[in-house]
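Taken in order, these protein sequences are the chains called A, B and C.
Start counting the first sequence at 2; every next residue gets the next number (our numbering).
Start counting the second sequence at 6; every next residue gets the next number (our numbering).
Start counting the third sequence at 60; every next residue gets the next number (our numbering).
For glycine and all other residues, C-beta sits at the position ideal for the given N, C-alpha and C.
Beneath this line is the structure, given in structure tokens, with notes to follow.
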Amino acid sequence: MAEQAASLRFIDATERGLTRLRAVHPLAPWLVAFLLLAPLPWVLLNTYHVFLANFICVMILLSVGLNIVKGFCGQVTVGHVGLYAIGAYTAAVMSVNFGMTFWMSLPIAVMVTLLAGAVVGIPSFRLEGAYLALVTLGLGESVRIFISATEYLGATNGFSGIPAPRIGDFRFDTYQKYYYLVMPVMLLGVFFSFRILRSRLGRGFMAVREDPVAAAAAGVNVRGHKMIAFLISAGYAGFAGALYAHMIPGYLNPRNFTVIEMVTLLLMVVLGGLGHIWGGVIGAIIVTIVYDITKDYYHYSLLLFGSVIVLTVLFMPKGIGGIIDRFIATRRFIAIREGRATRPGSDDAA
Amino acid sequence: MNAVRKKEWLCPRNVVAGLAAGAMLAVAGAASAGVIKIGASLRMKTETGEKYGQMVVDELSAINAAGGVNGHTIEIKLLNDECKSDIGVANATKYAYQDNVHLFVGSTCSSVSLPIVDVIHKAGVPMLIPHSTNYKITLKGSPWVFRVPISSRFSAAAAAKYTAENIGTKIAYIWASDAASQADAQKFYEYIRNFHGEGPLYAEQFQEGELDLRPHLLKIKALQPEALMISAQSQDFARGLVQSYEVGIPPSVKRIGGSAASNRPAPILAGDAIKGVFFHAAFSYVDPDPNAQAFVKMTTERYGVPTPDHDFSQAWDLVQIAKRALERANLTLSDDSLAADRAAIRDALATIQGYKTLGGGVVDFCADATPECRDGNKTPVLIEYTKGGEDYELRVIGKTTFGADFGLDGMQEEAAALRKSLDN
Amino acid sequence: MLLRTENLSKHFGGLRAVDGIDFELEEGEVRGLIGPNGSGKSTFFNLVSGIYRPDEGSRIRIGGQDTTHFEPHRIAALGVARTFQLLRVFSEMTVLENLLVGHHLHVAYGPVAAVLGTRRMRNEERRVREEMMELLAFIGLADFAAMLASELSVGQRRLLALGRAMAMRPRLLMLDEPAAGLSPVNVDNLLRIIVGLKERYGLTVIIVEHILRVVMDTCEKVTVLDHGQKIAEGTPDEVKTDHAVIEAYLGREMEDDEVRRVLQG
Chain A
2 MAEQAASLRF
12 IDATERGLTR
22 LRAVHPLAPW
32 LVAFLLLAPL
42 PWVLLNTYHV
52 FLANFICVMI
62 LLSVGLNIVK
72 GFCGQVTVGH
82 VGLYAIGAYT
92 AAVMSVNFGM
102 TFWMSLPIAV
112 MVTLLAGAVV
122 GIPSFRLEGA
132 YLALVTLGLG
142 ESVRIFISAT
152 EYLGATNGFS
162 GIPAPRIGDF
172 RFDTYQKYYY
182 LVMPVMLLGV
192 FFSFRILRSR
202 LGRGFMAVRE
212 DPVAAAAAGV
222 NVRGHKMIAF
232 LISAGYAGFA
242 GALYAHMIPG
252 YLNPRNFTVI
262 EMVTLLLMVV
272 LGGLGHIWGG
282 VIGAIIVTIV
292 YDITKDYYHY
302 SLLLFGSVIV
312 LTVLFMPKGI
322 GGIIDRFIAT
332 RRFIAIREGR
342 ATRPGSDDAA
Chain B
6 MNAVRKKEWL
16 CPRNVVAGLA
26 AGAMLAVAGA
36 ASAGVIKIGA
46 SLRMKTETGE
56 KYGQMVVDEL
66 SAINAAGGVN
76 GHTIEIKLLN
86 DECKSDIGVA
96 NATKYAYQDN
106 VHLFVGSTCS
116 SVSLPIVDVI
126 HKAGVPMLIP
136 HSTNYKITLK
146 GSPWVFRVPI
156 SSRFSAAAAA
166 KYTAENIGTK
176 IAYIWASDAA
186 SQADAQKFYE
196 YIRNFHGEGP
206 LYAEQFQEGE
216 LDLRPHLLKI
226 KALQPEALMI
236 SAQSQDFARG
246 LVQSYEVGIP
256 PSVKRIGGSA
266 ASNRPAPILA
276 GDAIKGVFFH
286 AAFSYVDPDP
296 NAQAFVKMTT
306 ERYGVPTPDH
316 DFSQAWDLVQ
326 IAKRALERAN
336 LTLSDDSLAA
346 DRAAIRDALA
356 TIQGYKTLGG
366 GVVDFCADAT
376 PECRDGNKTP
386 VLIEYTKGGE
396 DYELRVIGKT
406 TFGADFGLDG
416 MQEEAAALRK
426 SLDN
Chain C
60 MLLRTENLSK
70 HFGGLRAVDG
80 IDFELEEGEV
90 RGLIGPNGSG
100 KSTFFNLVSG
110 IYRPDEGSRI
120 RIGGQDTTHF
130 EPHRIAALGV
140 ARTFQLLRVF
150 SEMTVLENLL
160 VGHHLHVAYG
170 PVAAVLGTRR
180 MRNEERRVRE
190 EMMELLAFIG
200 LADFAAMLAS
210 ELSVGQRRLL
220 ALGRAMAMRP
230 RLLMLDEPAA
240 GLSPVNVDNL
250 LRIIVGLKER
260 YGLTVIIVEH
270 ILRVVMDTCE
280 KVTVLDHGQK
290 IAEGTPDEVK
300 TDHAVIEAYL
310 GREMEDDEVR
320 RVLQG
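Here it is in structure tokens:
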């Protein structure tokens, strides 16, 4: 009982705090988040943890993007890793073979990935579920196979020597410095997803996921929304890819963009919560950290990951995000019954 | 209930025991400063991968059991990188910054070792490479990198060098249209031309999967070459071999294959036509050398592997080299001597000279951060089929040693570019 | 003339689900659409709302515009709202969100404004939420606003489906068996709401219904379909005594005893 009351107080306090922050300025919570994240490299124990933090940021971008198209718009795509590869290799080619700076290679990588995202999105007009999954899987895999067979892209030897980004003489050539590049982009990405998903567009995505026929009858342009969802997720993959390519050691290999990586990415989204606004973030953090901790038990890693997916789907279909929501709702319900709290307000646009 | 237990726990006997345990821990903590930490990142998924990983651990445990290295014990940790560069890079970063290893061992795959060079170069950790052969790894020019296996710059020309020195230079070539087969044939005749001044007797390309190679082979027969190279993937290669006998090219003409000749389907498809065809490796389990046979006996008995490949033997060589270097290094192994200890191990590795590998090669390292100094083994072994079919048999026909600077001509530009990206 | 179809046809393989229907609907009318199972009522709805593509030679005009080849969301944009026999509420969205999706076309800001969080966007979002809460209050679901649609009872979901259609601020409301599966009390309640909506917003309504009381009590005019063809049209009383209608319902095995009772009595 005491614990319940305490957790409820915590929930309420958090919510009151957020509401107050938003009252100051709608962007205030994001500024606080940035200020909290900014000193991370100085708090973490060692450089390896900073490396992990950078990697988590890239993964968050990827899984938040995937959650938009899969969790919110309900399009079963298994080609996301292919888009990530396109983003990474485009950035690599632009900076190494064409001598562009990161600030040029990044937007070009994003644009090329957007184009590829449109190609992946077109089959979703006609196909659903497993069929769409198969087609997108084929597209994603063909990207990897194309890279493996293309000498210009380093083929199976990999593409090396991608330079660290720089501003003037300042180079993002350590994990600590790179953090200040990748963390703000990640935060912007999460911010962007919050704004989009809690708007008219996000509701359209969810309606398409829930029932495309009813959504269309309600005036939602189903094809348009599917395409926009694919484009947004591709944009995320493009950013993630370019940031990954330019991160130390500036090396890409088609082996890092296989179905296994796709499964890991799906695990992040499913575990975090498909269609939950925090799903991609929670999943990317937990999966990357758990993967790191269990590194020593490599014999069992695939077994572990496989069983986590199965158990998640069976016992918590809405992932950790869903469980948190349920926890909060239950605490509130108990409180309301005991007359200790007021009714929950309807959620507002962040 | 809790209170009672707490009181019991505080009785004098327990306090004494606790203090003793604490003191022991403190002693153990002091002793652990004398631990040499080695981190390995290998492809552990395959069965043999796990077994040679286990062998590395066992060998090091044996060193510890025998009193360690200069009184220090060795602690090794193995991580699997699945031959994926992102995982390998994460492993190396973890070893370098979190586990604070003194020596990094890895990786199995060139595509993983390549980016790891950048990581360990930045972190300043000596890297001892067990299997990766890509020539770029040492061409990057990091002073921290040492390679045990044979660099691809040697192996590409091994068969050509052996042929020229032991068989002859009048050679006819046919090759399939795929990139690898084409490249194998090209490297071969370029070597013969550059080092022996002899052009190809016959050189023609055929389409992959082409069924009838006899028109080519009949012309070649008329030219009476000393050797015939058929560079193609297993199936085409086997067909070409069989047809070379059908058109009556005499058995005295040595048949040579490309890199696909060592693939298992080749002897099975070609049957006895493969007799006499040879390929190169760093080690062969059929090597009659007593050291090699002792090793095969050991792997058979301890790990149930009667046919260890060169990945296996090189893992063993690596442990011996590491042991020698650690013996020579002057290590402090205190909390703040990490950088100095790492540098000492690097410098000790650079003094390794004349280590004789199980395959019969010699590993020499030196101080310069160049491929000449850091590609340890320069002696590929040549292995010949003595019987085809399902139960094919092999024998070692010879070894060929390259000069340290072989294959580096015209690579200055590439080396400069790689070195530049290393500093990035 | 709000809705007019000419020679509207749809076949699935050899089955002519809708076969050359000419249909006219005046502004402000409440029309009943009845017929035995499989007579083409739902197919007619799906054609008009753009979910099915009509066969060659069909014409659909809504408010004077040719919508024969329009996609569903463009027809919705002309002010046509519909409900579904199987409800098709958005289960994993809240009750309020269901209505907000219904209001989709009237939410006046774009994605860029959403990302920037402009004042206009925030005001607009506040406005639509308030309006939708009012609508929820009108259909009696305000207390459930934050609940998932899947947590509602069947009757409440029916109301929600109706509410979502109303959130579209339609000119033409097409109700596909709105009373199916409801208890008599709830049917009365629903009828009150439909009549209330019609009077409040001046809607034009088409109701497909099996429970004939609903059609007979609320509609001024009834159209009867059988085998995809229009077999009768007129006031409820006229239709009740029409020979072709009686034959259509009685000339075959019927599951719907009520229809038989009404027609005979």
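Query, Result
"Delimiting residues of the beta strand (DSSP E) encompassing B/Gln-191", "Careful: B/Gln-191 lies outside any beta strand (DSSP E), inside the alpha helix (DSSP H) at 184-201."
"Alpha-carbon to alpha-carbon, B/Ile-68 and B/Phe-211", "55 Å"
"B/Arg-234 - partner residues in DSSP beta bridges", "The sequence as given places Met at residue 234 of chain B; Arg does not occur at that position. Partner(s): B/Tyr-178 and B/Ile-261."
"Chain-order list of residues whose beta-carbon lies under 7 Å from that of B/Glu-419 (same chain, five-residue window excluded)", "Leu-144"
"Buried or exposed (CB count within 10 angstroms, at least 16 for buried), A/Phe-334", "exposed"
"Closer than 8 Å to chain A by CB, B/Leu-144", "no"
"DSSP state of B/Pro-154 mapped onto helix, strand, coil", "strand"
"Stretch pair the segment 233-252 of chain C + the segment 139-146 of chain C: three plus CB contacts closer than 8 Å", "yes"
"Runs of alpha helix (DSSP H) lying entirely within the segment 278-345 of chain A, each at least 4 residues, in chain order", "280-294, 302-316 and 320-338"
"Per-residue burial, A/Arg-204 [other beta carbons within 10 Å of its own, 16 or more giving buried]", "buried"
"Cβ of A/Asn-158 within 8 Å of any chain C Cβ", "no"
"CA-to-CA distance, A/Asn-158 to B/Gln-191, given in whole angstroms", "20 Å"
"Cα-Cα separation between C/Ile-198 and C/Leu-256, rounded to whole angstroms", "10 Å"
"Cutoff 8 Å: A/Thr-48 Cβ touching any chain B Cβ", "yes"
"Below-8 Å beta-carbon distance, C/Leu-92 vs any chain A residue", "no"
"B/Pro-293 burial status per 10 Å Cβ neighbour count (16 or more: buried)", "exposed"
"For C/Val-254, three-class secondary structure by DSSP", "helix"
"Straight-line gap, C/Ser-101 to C/Tyr-111 (C-alpha atoms, nearest Å)", "11 Å"
"Inter-residue spacing [alpha-carbon to alpha-carbon] between B/Gly-364 and B/Ser-289", "7 Å"
"Among A/Ala-165, A/Ala-230, A/Asn-55 and A/Leu-28, the one whose alpha carbon lies nearest that of A/Ala-208", "A/Ala-230"
"Below-8 Å beta-carbon distance, B/Asp-91 vs any chain A residue", "yes"
"Per-residue burial, C/Asn-157 [other beta carbons within 10 Å of its own, 16 or more giving buried]", "buried"
"B/Ser-137 beta carbon less than 8 Å from that of B/Ser-430", "The question about residue 430 of chain B has no answer here: the residues shown for chain B are numbered 6 through 429."
"Contact list for C/Leu-223 against chain A, beta-carbon separation under 7 Å", "Residue identity check: residue 223 of chain C is Arg in the sequence provided, not Leu. Simply Ala-219."
"C/Asn-245 (DSSP reduced to helix, strand or coil)", "helix"
"Chain-ordered residues of the segment 82-114 of chain C with a beta carbon less than 7 Å from chain A", "Ser-108 and Ile-110"
"Straight-line Cα distance separating A/Val-77 from A/Thr-102", "35 Å"
"Close Cβ partners of A/Val-51 (< 8 Å) along its chain, the five nearest in sequence each way excluded", "Leu-41, Pro-42, Leu-45, Tyr-176, Gln-177 and Tyr-180"
"Members of the segment 292-311 of chain B near chain D, C-beta cut-off 8 Å", "Given the protein chain composition of this structure (A, B and C), no chain D is represented."
"Any 3 or more C-beta pairs closer than 8 Å across the segment 280-291 of chain A and the segment 312-327 of chain A", "yes"
"Where B/Leu-430 sits in the DSSP three-state scheme", "Residue 430 of chain B is absent from the structure shown; chain B starts at 6 and stops at 429."
"Partner residues on chain A for B/Tyr-102, Cβ-Cβ distance less than 7 Å", "Asn-47, Thr-48 and Tyr-49"
"Any C-beta of chain A under 8 Å from that of C/Met-275", "no"
"Beta-bridge pairing of A/Phe-160 - partner residues as DSSP gives them", "A/Leu-253"
"Close beta carbons around C/Asp-301, own chain, < 6 Å, minus the five adjacent residues each side", "Ala-291"
"Chain-ordered neighbours of B/Asn-139 on chain A, where CB pairs are closer than 7 Å", "Asn-158"
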